[in-house]
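Presented below is the structure to which this report refers.
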Amino acid sequence: YFLPTPRVSLLHNVLGNLEKGQGLATSQIVLGVRPLPVLFSTVILKVLNKPSSSACSTGGSTCSFLKSLATIHEIEAINAAGFLPGLRLGYLMCDTCASASKALQGVGHMLQVNGSLNVICDYSDFRPTVKIVLGALYSEVSIAVARLMNVYMVPLLSSTSSAPDLSNKQRYPSFLRTVPSDEHQTRAVARMMHHFGWNWVGVVYGDDAYGSEAFHSFLGNAEANDVCLAYQEVLPHYLDDSLSLQSVKRVAKVIRSSGAQVVLLILKAELVELLFKEMIGTNTSRIWISTDTWTKSKFLSEMKGINEVGDILGFTFVSEESEPFNNYLKNLTATPGGYNRFIEEYKNLRFNCNPQVQNDDYLVRALDTGETFLYRAAVWATANALKKLLKCNSSSCSGDINFPPWKLLEELKKVEFEFENHYINFDKNGDFLSYYNLIMWERDGHSRRFQNIGKYQVLDKEIEVDKNFTWFSTANTTIPPYRCSDHCAPGSVKKILNVSCCYNCTLCVEGTFSDAPDLATCKACPNGTWALKGWTQCGPRSESYLRWTEAHPIIMIAAAVFGILLLFVTAVIFLVYRDSPPMKRAEVRLSCVMMVGLSVSFASVICFMGKPNIHLCRARQLLYALGFTLCVSCILVKAYRTFLAFLPFGQLTCGRLHKLYKPAALVIGLTALQGVICLLWLILDSPDIDPTPPSPQSMIILIQCSEGATHIGFGVMLVYIALLALVGFFLAAKGRKVPQEFSETGYIIFSMLMYLFVWVCFIPVYITNHENAAIVQATAILVSTYGVIFCHFLPKSLYCMQLKAILNEKCFYGLVSNCFKSCVHLFFFITTKLSSTADLKDNVLIPSPTAPPTCCSPPPLPPPAHQVLTPLQLYRLPLPHQQRPSLFWRETLTGSLED
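Heads up, the sequence shown is in our numbering, so the first residue is 159 and it goes up one at a time.
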């Protein structure tokens, strides 16, 4: 390692004599190498009462010495190669002591002409001996010197000063650099944090121009990459500031108390050393992000306890090792004929003033000589600009060597050349844009070594990680997950709390989605698509209706078709057996009209299937309304006929009621009234496709019919049919004691009860199960229609087909009576004063209320011979009032009874 020694003086003599080379002309061009001191030094700050020379603090840095040697070596290599025929480059080197004031003093020394620096109004023809100044190490120093250089337009070319403000050509027109602006480096740091998934970091920066500008540049890039600051602390950049150590302790306390595990240090290496000592002393481990100022600091990598601070990684400028330069370092000596005080001091310190040992490979082994690439590139850029300015060819340079510096600045901005496999040029801001190397500090015993793990391309703005590596934090290749909040999975978004990186995850609402983690807002679904809560993508909604290929519609269609076929077969049977007594009592013509109405009702069920449209919506309701109304009207006529035939009325009343009995007119009139209701329904509140939008919680678009905006027409239609059924029920109930040989009251009562029961149940189910309204109504239609078939037509058909042993009319009615007699009897006991008349006293065979005959009961004993009556004799006997047919029906019934 390099031992600290007393500082060299502020100004050094000319190190390379501007001498005449052998075989060369006596022309010389001098370069000012200002901010590359042999040993790193700083100014001791104190209050000054008068102008005086400030002393530099003690300390040493072989890295600064190495960079100075790289500049000297390239100057000597250019001279030795005859790159500028007939010319030699000289250099003047000054130690700035990391102070802007010292640097300005050194610049004044470099630019003086004839021992003085005159003040004039126009420096267009200002021709100092030093044509260009190479430096400085720190941006704060370069900013101060660049402002002075603007007066003389002397080029200032730096290989380390990376403050973003120096890219402003209006403020610093004479400044150029062989490094990118820190704007790119801070973007690279933010991109790296984003790449590794770190969004909760702390920042500590110096109060100099470099630290302040780099920090503010990082703020914008951090926000663009979703990185948030847990804290931001400032340290004074002057090492001898009496408050420096106290400030370091304060910052160390903030770091330890914060939950942020990633810390960005925009500091000089010496301040980083003080901070690391505090961390090591308190056993604090973090992930430390470095900047180019200390990414490859050798003395930091070898400090005691460096392996205790945690992971360290950061960016550094492009670097390339040079074999000629390495050989130069192994045989370090001054230019022949010249004197280099810096080299002599180094040798005295390195070999303890031992003249027997003059050289070794210590600098090559101990330092990264590739870091000098940009310093060597700066010298070659100057040489190429001079070659063009002086119009040099392979043998001579014809230009005037005593040129004003601003002409060299113009050529320097346009220079383009290839150097050690790198293309060197300057952009419009005077910056050299290449790439940054991503460096990881890996364990190497008790110290660290620098491992290149990737790079950041300045132009592409993308970071590349070349290989896996082991983290101190996890002891494996797993990236430490240091975040304020966990990632929000796709399907959710961030709900920001206090800062943008601290949030809760909330699921995307219906109609929106998020297809990537950690999105700030949900994306709206495109038209025609939808997403449920928490979905990662949108999809088309499926349409829901009774499809022809589904099981339920197929069953319902089959039931409707079977019902139509059953009615057709029944109609055939009725026509074939139309002269039989049961068929005469059933009124074949009226029954056939009923079958037509039921067939239409079955057809309406088919209209419930398939994708609804306005025509189907109207057709299915009209078919059902008219068809079932036609059927119920016929049933009502039958009930009315029995009511008139067997109930006693006065002569006047009977005449009026008998005039109303016109079957055809009643059926047509009642059905036509339903037609008028449907017509008004279609005009005023027509059925249509239901415009109700689908539920946000559903991916199904329910395509179904709406029975109008108010459903009034639909309700009136159903109420009208129910009213007809209820009237028919009451009429049949009044004649319930009529012998079954003369009426169908039992069938009417049972079928109307079934219809009313079905549709009373239908109403609440229809209202509460709106999504299945079509299925509910179609099912109700099928059940009520089949109820009429089984009550009115099936028993007679079976009877007529000689199936009396299985089911005859009396047996079927007995079954019906057993099931419903108690219910009907109770109902009419309340509404009608029951007759107290006992069973027929004339030995007429009438079913007893207490012991109704059933098909399952033993047959009644045959009456005595003198009590057995024919139907005609039965009719002619005196009957109670409840069972006596009116005179109006005598001729009608006599014929059928005689048959």
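Built from N, CA and C at the ideal position, the CB exists for glycine as well.
What does the Cβ neighbour count give for residue i, buried or exposed, with the cut at 16 atoms within 10 Å?
i       : result
Ala716  : exposed
Ile1131 : Residue 1131 lies beyond the residue range present for the chain, which begins at 159 and ends at 1057; the question has no answer from this structure.
Phe720  : exposed
Ile233  : buried
Pro1103 : Shown here, the chain extends from 159 to 1057; a query on residue 1103 therefore has no answer.
Trp917  : buried
Ser259  : exposed
Arg246  : buried
His604  : exposed
Lys549  : exposed
Asn237  : buried
Asn579  : exposed
Can you check whether the C-beta of residue i is within less than 7 angstroms of a C-beta belonging to chain C?
i      : result
Ile713 : Of the protein chains in this structure there is only one, and it is not chain C.
In chain order, what residues of the same chain lie with their CB nearer than 8 angstroms to the CB of residue i, ignoring the 5 residues before and after it?
i      : result
Met857 : Trp688, Leu690, Gly697, Arg699 and Ser700
Val623 : His353, Leu596, Ile611 and Gly612
Ser864 : Cys775, Pro845, Asp846, Ile847, Asp848, Pro849 and Thr850
Lys545 : Phe241, Leu242 and Cys555
Trp629 : Asp469, Thr635, Thr636, Ile637 and Pro638
Ile582 : Thr336, Ala535, Trp538, Ala539, Val573, Glu574, Phe575, Glu576 and Phe590
Asn927 : Val934
If we ignore side chains and look at the alpha-carbon of each, how far apart do residue i and residue j end up?
i      : j      : result
Ser672 : Ala936 : 42 angstroms
Thr451 : Pro854 : 57 angstroms
Tyr819 : Leu884 : 18 angstroms
Met753 : Cys789 : 7 angstroms
Ser791 : Ile764 : 23 angstroms
Ile559 : Thr442 : 59 angstroms
Lys571 : Pro313 : 10 angstroms
Arg285 : Gln270 : 10 angstroms
Ser762 : Ile731 : 25 angstroms
Pro331 : Leu275 : 21 angstroms
Trp693 : Thr670 : 8 angstroms
His869 : Phe951 : 34 angstroms
Leu724 : Ile713 : 16 angstroms
Cys646 : Gln695 : 15 angstroms
Asp366 : Asn517 : 39 angstroms
Ile413 : Val392 : 12 angstroms
In chain order, what residues of the same chain lie with their CB nearer than 6 angstroms to the CB of residue i, ignoring the 5 residues before and after it?
i      : result
Ser300 : Ala294, Ser316 and Ser319
Phe887 : Met910
Val420 : Trp356, Val359, Ile445 and Tyr640
Gly871 : Trp839 and Asp843
Gln615 : Tyr593
Might you give, ordered along the chain, the residues of its own chain that have their beta carbon closer than 7 angstroms to the beta carbon of residue i, omitting 5 neighbours on each side?
i      : result
Pro821 : Leu748 and Val795
Thr344 : Ala372, Ser375, Phe376 and Asn379
Ala228 : Phe483, Thr530, Tyr533 and Arg534
Val430 : Leu423, Trp452 and Leu458
Ala302 : Ala258, Ala261 and Leu262
His231 : Phe483 and Tyr486
Ala931 : Gln862 and Tyr924
Between which two residues does the alpha helix (DSSP H) containing residue i stretch?
i      : result
Asn626 : Looking at the DSSP string, Asn626 is not in any alpha helix (DSSP H), and its letter there is neither H nor E.
Ser757 : Val746 to Ile764
Arg345 : Asp340 to Phe354
Leu837 : Pro821 to Asp843
Gly945 : Ala931 to Val946
For the beta strand (DSSP E) containing residue i, name the first residue and the last one.
i      : result
Arg705 : Note, Arg705: premise wrong, no beta strand (DSSP E); not H, not E.
His580 : His580 to Asn583
Leu334 : Phe333 to Arg335
Cys663 : Tyr661 to Leu665
Phe284 : Neither: Phe284 is in no beta strand (DSSP E) and is coded neither H nor E.
Leu247 : Leu245 to Met251
Val362 : Trp358 to Gly364
Open item on the list: For the structure I just gave you, are there three or more beta carbon pairs, one from the segment 381-389 and one from the segment 333-351, closer than 8 angstroms?
Closed with: Segments in contact, yes.
Open item on the list: Check whether the segment 418-436 and the segment 561-577 touch, using three or more Cβ-Cβ pairs below 8 angstroms as the test.
Closed with: Not touching, per the Cβ criterion.
Open item on the list: Would you call the segment 673-687 in contact with the segment 403-410, where contact means no fewer than 3 C-beta pairs closer than 8 angstroms?
Closed with: Counting Cβ pairs under 8 angstroms, fewer than three are found: no touch.
Open item on the list: Is it the case that the segment 303-310 contacts the segment 334-344, given that we only count it when at least three CB pairs across the two stretches are under 8 angstroms?
Closed with: Contact fails: fewer than three Cβ-Cβ distances are below 8 angstroms.
TODO: Determine contact between the segment 766-786 and the segment 824-836, defined as no fewer than three beta-carbon pairs at a distance below 8 angstroms.
DONE: The segment 766-786 makes contact with the segment 824-836: 3 or more CB pairs, one atom from each, lie closer than 8 angstroms.
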